[in-house]
Amino acid sequence: MAKTYDPKNIEKKWQDHWEREGVFQAKLDPSRPKYYTLIEFPYPSAEGLHVGHPLSYTAMDTISRKRRLEGYNVLFPIGWDAFGLPTENYAIKHKIHPRAVTEKNVANFTGQLKMLGFSFDWSREINTTDPGYYRWTQWIFLKLLEHGLAYKAEMPVNWCTGCQVVLANEEVVEGVCERCGASVTHRNKEQWMLKITAYAQRLLDGLDTVDFIPQARTQQRNWIGRSEGAEVDFFVKDSDRKLRVFTTRPDTLYGATYMVVAPEHPIIEEYRDRIVNLDEVRAYREQAARKSEFERTELSTEKTGVELKGLTATNPVNQKDMPIWVSDYVMMTYGTGAIMAVPGHDNRDWEFATKFGLPIVEVVSGGDIAKEAYTDIEEGILVNSGLINGLKVSEAKKKITRYLVEQGLGEAKVNYKLRDWVFARQRYWGEPIPVVWCDRCGCVPLPEEELPLVLPDIENYLPGDTGESPLAAIEEWVNVPCPKCGAPAKRETDTMPQWAGSSWYFLRYADPYNAEELASQEALDYWLPVDWYNGGMEHTTLHLLYSRFWHLFLHDIGVVKAPEPYQKRTSQGMVLGENNEKMSKSRGNVINPDEVVAVIGADALRLYELFMGAFDQPKPWSTEGAKGCRRFLERVWRLRGMLRGVGESEDLRGALHAMIKKVSEDYERMKYNTAVATMMAFINDVYAKDAITPDEFRILLILLNPVVPHITEELWEITGGQGHIYQQSWPQYDEGALAVDEVEIAIQVLGKLKSRILVPAAATEAQVRELALADEKTLAAMGGKPLRRFIYIPGRLVNIVI
RNA sequence: GCGAGAGUGGUGGAACUGGCAGACACGCUAGGUUCAGGACCUAGUGCCUUCACCGGUGUGAGGGUUCAAAUCCCUCCUCUCGCACCA
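In this text, residue positions in the first sequence follow this note's numbering: the first is 211, and each later residue adds one.
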């Protein structure tokens, strides 16, 4: 009894025990129901974990442990997303090989995670930089290539002036590089691309079949950005060339007074002989290309542009002449790279027309186009619009589109904001792309049996300022015979982007060391899909969408059964520093879990992670608050001294079963903070009473166990529990025990609380009314006035209106 | 600008489909205990007024619906996140 709570020893003891006994190793067993819980596998950075990481892990560990106690065969795996720029940059700076950096970081992370006692199945640990793993990343790429979903294209791409690499659109944040913060400009480069746009509609439709938190669903929908409209051909005067545009407002076609093309639009070079002010146009184009993303979005509120003098288009419905302009407010990468400008009914066009003195025509009545564009689509009525005059916008859209189709002038069209995925980095630390370039055969995929194409060891992995990968400098690796014809050929030297390995890792966990297949059919069929995936909101539009795309593709080629990989997706809120700011090294507010565990122990840290606040909201760390959780565990520890009696005691029975219900439900809803609060309140009751029976105590330990597994196992053992907690079953509550004999009813008079009375739980409204109107305080508050209305909310309150 | 979330004590946060605001903690105050510190135990703690009771007031601001509003509606303010000329 004198034994004090010593987390250091207890935690090590149980971690060793679980590992030795293989308690959390998932075994394929079709006779048992499976449950697959997943956290986003960490990127092993040099900094190690901060206290934000364990939030998601503790939450899903809690679910995983609860599921096991509920009888499920749980797969809760862990691995490393270890390719990527930060490691490479660190390696360059400290002159250590990225592989060595990775090994060191993984060892550090492993120690930190093990210290926290998560019930990961470490026997399935994977690492994206392991050739046995990336062999299958490369295999999937070859399959994508085979099915026409990987292609090379000359693209204006984002060039990071700091990292000297091409960035995906998603890596450009507010015009600067997401990683290094340097400015981003445009460059043309041959890039490997993945045709995710071919899956846009299915990725959108799939969202209706899965259980994602609404914010994630909405963000993906917006990112995919479906919009319905029409493509319309405009004739270029004195030529047979058509200029095709996309519009969501074909109803405003009669109001189109000029056209605008993107600076990169091919029509400029095609008609260079006819463009009178070609020099001016080219200068504008160069200036636009030089602009960084930042200047193009943040700073340029003012529209710019140049007229293509010498070219004129004709409006196909009213034959009017329309000047053609070039402006960077039109994007080459969306729609057709050209628009019909309807300044009367589009804000951007209105602004542009106003600045350059172009005509503004009203074709939808209801606004005042002299002041601003009228963009309403509910009320407006078409005017000045030939065959669609008098119609509402929705009707006009349909009719004009039908007309355009009949006349061969255009067609209905759906566009997506989603763009193809730039699938290449000019860096060393990534999966080599398994293709060879042959002068005779062109692009030749490596035969599958030659996989993995191993990343060669290399002396100098500094990126070249030519924009080429360091691999290009390794002659003996680059020069190979063509797999098809045997002639001298060269390997692709770009590597895959960081998102490659993480796009399918959850499949590999099913069968992590299979050398024959990505994973066995049996294992995939049994374990997939992931039942519950928790991760950060920042991955909603990148990782989550990319991995859904790959999974859908793998479904199409028969590798996985279900189209969607994740049945349920939730997200944690960010853990902020004690000063309420985002935790970061530069702000100096990073809290290291090692130090926290050294002071209060892993269980107290885990408890505090969940108790800190609402799981899905951002919340600041508080070291004082964390210490409070340690205090609570001390209180749990001392319950041993209060063990007396047998069975379930009469006075705790209601609270006990209410606790079982509340905790069970709150864990499922990720309301961990209130689940913990309920258990704290229960223990306060026990302290007030100074007694708890062994049965009650054991139920409490099981409820606490998913959050604080070490202390509960230890207490179970030293108080003589049978076996171990991980061998027990999740407790069920007894509905009958929740019923009470008497309830307290609040009495309001005119909506203000004046009194409280105790009534039998079974009391009828008439009985409650009688008791309430006999209550002294109530009568005093009524002041002798007659009762006008009596409102009774059963079991809760009455409101007396006088 | 658009989209999403949020605004409740000194602090983090509770509050079911509108029904007793502030659960549970942190901090603080007083007392006890302790060699000191820490830890622990007991009591108190939204604000105003009061010795105390009673009373009043109170969920970003203002208005509304209702017997009853943190919760629903309208107007406005602030913060966080995401997107950003997507035709």
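Glycine included, C-beta positions come from ideal geometry on N, C-alpha and C.
In the same chain as Ile935, and ignoring 5 residues on each side of it, the C-beta atoms closer than 7 Å to its own belong to Leu911, Ile912, Asn915, Thr922, Glu923 and Trp926, in chain order. Pro803 counts as buried, since at least 16 other C-beta atoms from the protein chains shown sit within 10 angstroms of its C-beta.
Rounded to whole angstroms, the separation of the alpha carbons of Asp944 and Val807 is 37 Å. Under the DSSP assignment, Ser274 falls in the alpha helix (DSSP H) whose first and last residues are His263 to Leu279.
If the five residues before and after Lys276 are omitted, its C-beta is found closer than 7 Å to the C-beta atoms of Tyr877, Pro916 and Trp940, all from its own chain and listed in chain order. Ser393 and Thr543 have their C-alpha atoms spaced approximately 21 Å apart. Gln827 sits close to Gly783, with the two beta carbons spaced by under 8 Å. For Arg454, the enclosing beta strand (DSSP E) covers residues Lys452 to Thr457. Linking Phe842 to Val420 through their CA atoms gives a straight-line distance of about 38 Å.
The secondary-structure analysis by DSSP pairs Ala440 across a beta bridge with Thr457 and Ala622.
Annotation: the stretch 709-772 contains the following complete segments of the beta strand (DSSP E) (minimum length 3 residues), in chain order: 742-745.
In the structure shown, Trp631 adopts extended strand secondary structure according to DSSP, grouped into three states. Gln348 is a Cβ neighbour of Glu641, given a cutoff of 8 Å. Inside the stretch 342-416, DSSP marks whole beta strand (DSSP E) runs of 3 or more residues at positions 360-370, 375-377 and 394-404, from first to last along the chain. Around the beta carbon of Lys353, 16 or more other beta carbons sit within 10 angstroms, so the residue counts as buried. Bridge pairing for Asp531: Thr524 [DSSP]. Scanning its chain for C-beta atoms nearer than 6 Å, with the 5 sequence neighbours on each side dropped, one finds around Trp433 the residues Thr751, in chain order.
For the pair Val471 and Val536, the CB atoms are nearer than the 8 Å cut-off. Leaving aside the five residues that flank Met365 on each side, the residues in its chain whose CB is nearer than 6 Å to its CB run, in chain order, Gln401. DSSP places Lys962 inside the beta strand (DSSP E), whose first and last residues are Lys962 to Pro970. In its chain, beyond the 5 residues on either side, no residue has a beta carbon closer than 8 Å to the beta carbon of Gly652. When DSSP states are grouped into helix, strand and coil, Gly327 belongs to the coil group. By the neighbour-count criterion, in which a residue is buried when 16 or more other Cβ atoms sit within 10 angstroms of its Cβ, Lys314 is exposed. In this structure, the straight-line span from the alpha carbon of Ile767 to that of Leu728 is close to 13 Å. Following the DSSP letters along the chain, one finds Ser832 in no beta strand (DSSP E), marked with neither H nor E.
When the alpha-carbon of Thr247 is set against those of Pro657, Thr272 and Ala990, the nearest one is in Thr272.
Three or more Cβ pairs closer than 8 Å define a contact, and the stretch 898-912 meets that threshold against the stretch 853-860. If you look at Phe1000, you'll find it in the beta strand (DSSP E) that goes Arg999 to Ile1003. Pairing Phe562 with Lys513 gives a Cβ-Cβ distance under 8 Å. Comparing alpha carbon positions, the residue from Glu834, Glu954, Phe892 and Ser333 closest to Phe907 is Phe892.
Thr419 carries a helical assignment under DSSP once its states are collapsed to helix, strand and coil.
Taking 8 Å as the cut-off, the beta carbon of His396 is found no closer than this to the beta carbon of Ala493. Contact between Val1008 and Arg998 fails: their C-beta atoms lie close to 14 Å from each other, not under 8 Å. Boundaries around Thr247 are those of the beta strand (DSSP E), Lys244 to Ile249, since no alpha helix (DSSP H) includes it.
Here DSSP, grouped into helix, strand and coil, assigns Leu914 to helix.
When Cβ pairs closer than 8 Å are counted between the two stretches, the stretch 330-337 is seen to touch the stretch 719-734, the count reaching three or more.
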